[in-house]
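Those protein sequences? They're chains A, B and C, same order as listed. Note that the working numbering numbers the first sequence so that position 62 is 62, with each residue one more than the last. With positions in the second sequence counted from 1, the corresponding number in the working numbering is that position plus 1000. With positions in the third sequence counted from 1, the corresponding number in the working numbering is that position plus 2000. Structure, as structure tokens:
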Amino acid sequence: MAAVLNVGAPTPAQQLVPKARTKNLNFHYGSFQALKNIDLPVYEGKVTALIGPSGCGKSTLLRAFNRMHDLYPGNRYEGEIRLYPEDVDLLSPEVDPIEVRMRIGMVFQKPNPFPKSIFENVAYGLRVRGEKNRTALADKVEAALKGAALWNEVNKRLDELAVNLSGGQQQRLCIARALATDPEIVLFDEPTSALDPIATASIEELIHELKRHVTILIVTHNMQQAARVSDFTAYMYLGEMIEFGETNEIFIKPKHKRTEDYITGRFG
Amino acid sequence: MVHEHTDRAFDADIDGMRTAVMTMGGLVERQLRRASDALRLNDLGLVADVLADERVVNQLHVQADLLCNQIIARRQPIAIDLREVMAAIHAVNDLERIGDEAKKIAYKSRHLDAYSRRETLPLDKVQTMAGLVGSMLGQALDAFLRHDARASDDLAERDREVDRLRNELNDELVARMSIEPGCITAAMDLVFVVQSLERIGDHAKNIAEYVVNVVEGVDARHAHPADNDAVPSS
Amino acid sequence: MDQQAIARIRAVIAAGKRRDLIFAGLGVLALGIGILTFLTLFIDMAVDGLGRLSVEFFTNFPSRRAGQAGILSAWVGSTLVMLVTAVIAVPLGVAAGIYLEEYAKKHWINDVIEINISNLAGVPSIVYGLLALGLFVYQFGLGQSILTAGMTLALLILPVVIVATREAIRAIPGIIREGAYALGASKWQTVSDHILPYSMPGILTGVIIGLARAIGETAPVITIGALTFIAFLPPAPVSAEPPFVNFDWLMSPFTVMPIQMFNWTSRPEAAFHQNAAAAGFVLVLMTLGMNALAIWLRYRLRRNIKW
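Dropping the structure here:
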């Protein structure tokens, strides 16, 4: 039966291109197992949200993608995170975590601009890669700030301190900073939980724009945000992925009762 | 059956909405029963009762809609809660239409009061049809209360029976009108009564379909083969 | 709320206010004793010595005649020794602090090192002097020189610099660090672009406080043999002939302010005591000046940082 209007229908499988996929991913903090056999697909040009109660492992899973866990002792990965199209395992010991972080960017929960100027903040990722040419830097900084919908507000004061911006502006600056290096995936770790509703809405609008150019994986404890912003949603509980599906399905008729109980507030 | 939200006030809101629907359903059932009794017993007092109920039914319609609006605005319902609210919104519309059709039946019976040769009309068959439709309404409301998704198939079956009765009655009444032109006014009244009853049956079937969506997340409307026939079966 | 409950609340609040007042009073008293003691000593010294302050006092060498004695060799010696101390202690201490915070893996050896560094801060300064005498003066043959004094005092304040560095680094929020790593920075890039610049205010404060302490340290400097009567200055580092820069001044005998004061106070003549008071006054001013510098630097460098 042909669809008369192309709304609300699930994306045909041919249009989905996998950008990354975890395969049997397990993760241990010391003796505690935080992730159990996670198989999560991440599709290119789409926003995938990770939801679940506190302690379910969603942030742990997110931070595995850019190997942030490598910074701290006592952590152990099992399984793979494959990045496409090269089909390389990001967790393999032969892959340098620094290279992974150069290809996969991150935006944190609390805006964390460096105590430097706005320009230097956005340019830092480029400097780390050895970019020294002033013009190239200026161009890329401008492009990144435009991509983060911040250019018009700051273009006359690029040398001012970033910490003097408002909370919402700081977070957009952090997004610009992550975008400046053309990452393939951007990880958002509860990006608006420290922001007021208007700033939150502007970040959500930004995410909507950004997914045209970059793949996004977002952790949020705000279910309505996941519903508003994501194309795909994964519900996690106690380190396991309970359900994964299109956001429309998950929020109207999830397959698992546990998912439905959580999202409708019947949990606990 | 649906176990509680962590926020009990949400449960209270949903209960309030369902109570409004069930109260409206009960009143509409009573309207139908009184309207068909009025026809059978030629009792004009019952007609007045039906009209009195109509006022309350309309108020409940508005109230139920308001409750649903409030739940949507304040609770942002999703998944099963969303499906319940959508079912309630649809169901109260169907119930309001049923009440309206019952009112029309009541008016027609008042009109028929003037006819002297009632015994020549197929009133028994009309009563059978009214009984069937009334029972369908009862079954649909039960299914709504208890989240019984199996009623939909049953009611689809009974609706086909109702359609068959309508076709028979229409044929009989047309035949009678061609033999005896003097009864045309009364026969036309009955044709309209039969039409109203058939519509009530459809609305009852709709309500059962909404329950299927609540329980299984599947939109059962227009899903039965007969619904999509290009040529009507009558 | 009923009257009884309100009355009870009010009684509790009143009792709390009384306690606040008592504590504030005790606090002011404690503060006052400290400040008053210092002010008394300082003013006493100033009253005694102010009269002696003059340009000649700063430009004269010590002399057997009290009226002609000055602190030239002493303050030049102090300054040069402080210079050497800083040049040795700062890189060593900051590097050690950075290594311990950023690079050292969690290991029991590092815990032992950490405990020992804190302990070193409590070692009596004369012990450093003995160490320096045996090791620097005799074993290494560096003699009783500015270099030896600088090295000794550097060892003395090294724990202070290391601890200040570590505390300053720890004050940097983890998310800033993670922010740098998340952009693909290597450990060294993170340290040099972020950790070091942001901890600089704290480090500088610690360094200057350490130096302010070192400038007044007498015991270790005496132990290594700073002379008490120096009527000459160390050789100048720059000269007209090649090589234009030389480091002979490092190996030169010297004296420092505390020693000069000590020397003068052990003379019987009252006039020398006045000299000592004047020198003391100058020394306190130098110390206060260094502390003021620390405060100002900290204020300037901390302006950009908001955590």
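Using N, Cα and C, we set each Cβ at its ideal position, and we do this for glycine too.
Query                                                                                                                                                              : Result
Whose C-beta lies closer than 8 Å to the C-beta of C/L2125 among residues of the same chain, with five residues either side of it excluded?                        : Looking at the sequence provided, one finds Ser at residue 2125 of chain C rather than Leu. The answer, listed in chain order, is L2156, E2217, A2219 and P2220.
Just list the residues that DSSP pairs A/D89 with in beta bridges.                                                                                                 : A/R82
Please classify C/T2085: does DSSP put it in a helix, a strand, or coil?                                                                                           : helix
Check the Cβ of C/I2195 against every Cβ in chain A and list those closer than 9 Å, keeping chain order.                                                           : Within chain A, no residue comes near C/I2195; the closest Cβ sits about 11 Å away, beyond 9 Å.
Pull out every residue of the region 156-172 of chain A whose Cβ sits closer than 8 Å to any Cβ of chain C, in chain order.                                        : L161 and V163
Grab the span of the beta strand (DSSP E) containing A/V47 for me, first residue to last.                                                                          : V47 to I51
Identify every residue that forms a DSSP beta bridge with A/I104.                                                                                                  : A/I185
Between the beta-carbon of A/A20 and the beta-carbon of A/T215, is there less than 9 Å?                                                                            : yes
Tell me the residue span of the alpha helix (DSSP H) that contains A/A148.                                                                                         : It is not in any alpha helix (DSSP H) - A/A148 carries neither H nor E in the DSSP assignment.
According to a CB-to-CB cut-off of less than 8 Å, which residues of the region 1003-1019 of chain B neighbour chain A?                                             : H1003, E1004, H1005, T1006, D1007 and F1010
Got a sec, what are the start and stop residues for the beta strand (DSSP E) B/F1192 sits in?                                                                      : Counting along the chain, B/F1192 falls outside any beta strand (DSSP E), though it belongs to the alpha helix (DSSP H) covering I1184 to E1216.
Consider the Cβ of A/E205: report whether some Cβ of chain C lies at a distance smaller than 9 Å.                                                                  : no
In whole angstroms, give me the CA-to-CA distance for C/W2108 and C/E2167.                                                                                         : 20 Å
Less than 9 Å between CB atoms is the rule here; does A/G105 satisfy it with respect to chain C?                                                                   : yes
Alpha carbon to alpha carbon, how far is B/A1038 from B/G1045? Give it in angstroms, no decimals.                                                                  : 8 Å
Among B/T1185, B/I1014 and B/E1216, which one has its Cα closest to the Cα of B/R1118?                                                                             : B/T1185
Would you mind reading off the limits of the beta strand (DSSP E) that contains A/T259?                                                                            : Premise fails: A/T259 lies in the alpha helix (DSSP H), K257 to I263, not in any beta strand (DSSP E).
Please report whether the beta-carbon of A/G52 lies at a distance below 9 Å from any beta-carbon of chain B.                                                       : no
Short of 9 Å Cβ to Cβ, which residues in the region 1077-1094 of chain B face chain A?                                                                             : P1077, I1078, A1079, I1080, D1081, L1082 and R1083
Where does the unbroken beta strand (DSSP E) through B/I1072 begin, and where does it stop?                                                                        : Looking at the DSSP string, B/I1072 is not in any beta strand (DSSP E); the run it does join, the alpha helix (DSSP H), is L1044 to R1075.
Anything in chain A within Cβ reach of C/Y2181, meaning under 8 Å, just list it in chain order.                                                                    : M68, L71 and R101
By the 8 Å beta-carbon criterion, what residues does the region 244-262 of chain A contribute toward chain C?                                                      : none
Which residue from A/K58, A/E209, A/L62 and A/F267 puts its Cα closest to that of A/L187?                                                                          : A/L62
Kindly say whether A/R266, judged by its beta-carbon, lies nearer than 9 Å to any beta-carbon of chain B.                                                          : yes
Tell me which residue opens and which closes the beta strand (DSSP E) that A/N24 is part of.                                                                       : P18 to Y29
For B/A1114, does the three-state DSSP call read helix, strand or coil?                                                                                            : coil
In chain C, which residues lie less than 8 Å from A/F114 when you measure between Cβ atoms?                                                                        : I2176, G2179, A2180 and H2194
Are the C-beta of C/A2270 and some C-beta of chain A separated by less than 9 Å?                                                                                   : no
Classify A/P191: buried if its beta carbon has 16 or more other beta carbons within 10 angstroms, exposed otherwise.                                               : buried
Count the other CB atoms, across all protein chains shown, that sit within 10 Å of the CB of C/H2194; report buried if there are 16 or more and exposed otherwise. : buried
Where C/D2111 and C/T2165 are concerned, what is the direct C-alpha to C-alpha distance, given to the nearest angstrom?                                            : 17 Å
By the criterion of Cβ-Cβ separation under 8 Å, what are the contact partners of A/A227 in chain B?                                                                : I1078
Report the rounded CA-to-CA distance for B/S1234 versus B/L1165, giving the unit in angstroms.                                                                     : For B/S1234, the predicted structure reports a pLDDT of 49, less than 50, and the residue's modelled location is therefore unreliable. The matter cannot be settled from this model.
Taking only beta-carbon positions, decide if C/V2221 is within less than 9 Å of chain A.                                                                           : no
Short check: CB of A/L161 to CB of C/N2304, under 9 Å?                                                                                                             : yes
Could you tell me whether any Cβ in chain A is nearer than 9 Å to the Cβ of C/I2305?                                                                               : yes
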